[in-house]
Amino acid sequence: MRAVAASEPRVSAVRPGSSPLRSGCAMAMTNSLARPARRRENAPWFPELRGPALLLSPSGVRRKQPGYHRNGQRTGRQLPEVNKGLVGMAYWYEGPLAAFDTETTGVDVESDRIVSAAVVVQDAPGVRPRVTRWLVNPGVPVPRAATEVHGLTEEHLQHNGRWPAPVMYEIAQTLAEQAGVGRPLVVMNAPFDLTLLDRELRRHRASPLSRWFERTPLYVLDPRVLDKQLDRYRRGRRTLADLCAHYGVPLEGAHDAAADAQAALEVVRAVGRRFASRLEGLSPAELHTLQAVWHAAQARGLQAWFALNGAEEPVDPAWPLRPDLPAAA
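This is the structure we're talking about:
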């Protein structure tokens with residue numbers, strides 16, 4: 001289940017108890033993958049941003065920009081030692097990836113709850129993935145409309161689901177483990193799933209999601225943002241089902257968290273292969289930063305389109321996490 005809500009632009013790292021993303025991210029960055037004609041020796045590929053570079057870390061310490069990879073040699077500034085392995089791969093879409101997805105009681109990240117979640121880990125294309133699933137008794141009514149989407153009834157969740165607090169802890173711990181080994185995390189419409197998880201952690205654990213990434217940042221790959229940037233003039237919707245159809249990815253059991261996570265992971269691999277020449281040399285760390293800029297631009301464009309057509313639906317430009325409100329319901 002996916003949604004877009006209103007918020008101020010916020011794209012930066014976070015401190016404990018503060019908004020997860022701060023405004024003012026793109027100083028001189030553009031919305032293209034074009035490379036500059038000349039580049040200073042040992043200079044980062046893209047202009048440095050104000051504040052930490054969008055990594056899910058609350059430390060408030062300015063992190064160094066990732067180095068640029070070319071012909072197996074690293075230039076520019078270095079990633080933390082723990083992340084030099086997987087995140088520096090020249091062809092990250094052919095390497096280890098993880099994916100995360102949720103099913104929920106609704107589409108409001110501030111008040112709705114997670115009823116199921118899954119993390120899928122795949123070490124290479126074609127390798128059988130490892131899947132971890134969670135079923136949650138949210139402790140609140142499950143609307144019929146939500147059940148019609150994912151098939152999970154309130155009665156089934158009450159008898160088979162676990163209480164939210166330990167589940168949210170396990171999910172956050174699992175994502176932190178993926179970050180610890182430098183494995184990029186694929187999340188379709190990341191601002192929805194990651195923000196919902198953040199609110200659940202605040203609600204049941206009194207702790208934001210960012211606390212789990214104090215030592216190592218989490219690099220997110222969002223197939224919707226990537227596809228919309230790299231194939232921006234293609235007509236049609238860009239739901240997970242639409243992207244699977246476009247890239248020839250099987251989607252079995254749609255609106256099952258594990259099935260959706262696996263499909264999103266395969267879509268990201270397909271996007272990487274199709275646009276390999278345009279993504280050459282960009283690491284997941286760099287793509288993480290660029291996606292925040294691209295998503296903000298996409299949100300502005302959609303907002304302008306709504307205004308042109310007389311609609312007042314707000315579009316949130318924050319990515320990959322929406323700023324926290326004073327309290328989660």
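Residues 1 to 329 in full-length UniProt numbering are what the sequence shown spells out, letter by letter.
Where a beta carbon is used, it is the ideal one built from N, C-alpha and C, also for glycine.
A direct Cα-Cα distance of roughly 30 Å separates D222 from P141. Of the residues assessed, H159 falls on the exposed side of the cut-off, its CB having fewer than 16 other CB atoms within 10 angstroms. By the Cβ test, the region 197-214 is in contact with the region 161-176, since at least three Cβ pairs between them sit closer than 8 Å. Under the three-state reduction of DSSP, F275 is assigned to coil, being neither helix nor strand. Taking R128 as reference, the option from A145, T147 and L97 with the minimal CA-CA separation is L97.
In the structure shown, the three-state DSSP call for D101 is strand. Within the same chain, Cβ atoms closer than 8 Å to the Cβ of G139 are found at R113, W163 and P164, the five residues on either side in sequence being excluded. For W134, the enclosing beta strand (DSSP E) covers residues R130 to L135.
In this structure, the beta-carbon distance from D227 to V186 does not fall below 8 Å. By alpha-carbon distance to Q291, the top candidate from E313, L325 and M188 is M188. Close CB contacts of L230 within its chain, under the 6 Å cut and outside five residues either way in sequence, are with F275 (chain order). Per DSSP, the continuous alpha helix (DSSP H) segment holding A299 begins and ends at P284 to L308.
In the DSSP assignment, Q122 forms a beta bridge with L97.
Counting only the Cα atoms, A190 lies some 19 Å from E214. In the DSSP assignment, S116 forms a beta bridge with E103 and L135. The closest CA to that of A263, considering only E94, F100 and Y91, is found on F100. Collapsing the DSSP output to three states places R322 in coil. Put simply, of V120, R183, T104 and T147 the residue whose alpha carbon is nearest the alpha carbon of P284 is R183. The three-state secondary structure of L218, taken from DSSP, is coil. The Cβ atoms of V120 and V131 lie closer than 8 Å to each other. L240 sits in a helix when the DSSP states are folded into three classes. Annotated three-state conformation of L185 is strand, per DSSP.
Residue range R144 to H150 is occupied by the alpha helix (DSSP H) that includes T147.
In this structure, A124 lies near G95, with their beta-carbon atoms less than 8 Å apart. When C-alpha distances from P320 are compared across V267, L218 and R235, the shortest belongs to L218. Counting only the Cα atoms, Y91 lies some 9 Å from R273. Here DSSP, grouped into helix, strand and coil, assigns R269 to helix. For R162, the three-state secondary structure derived from DSSP is strand.
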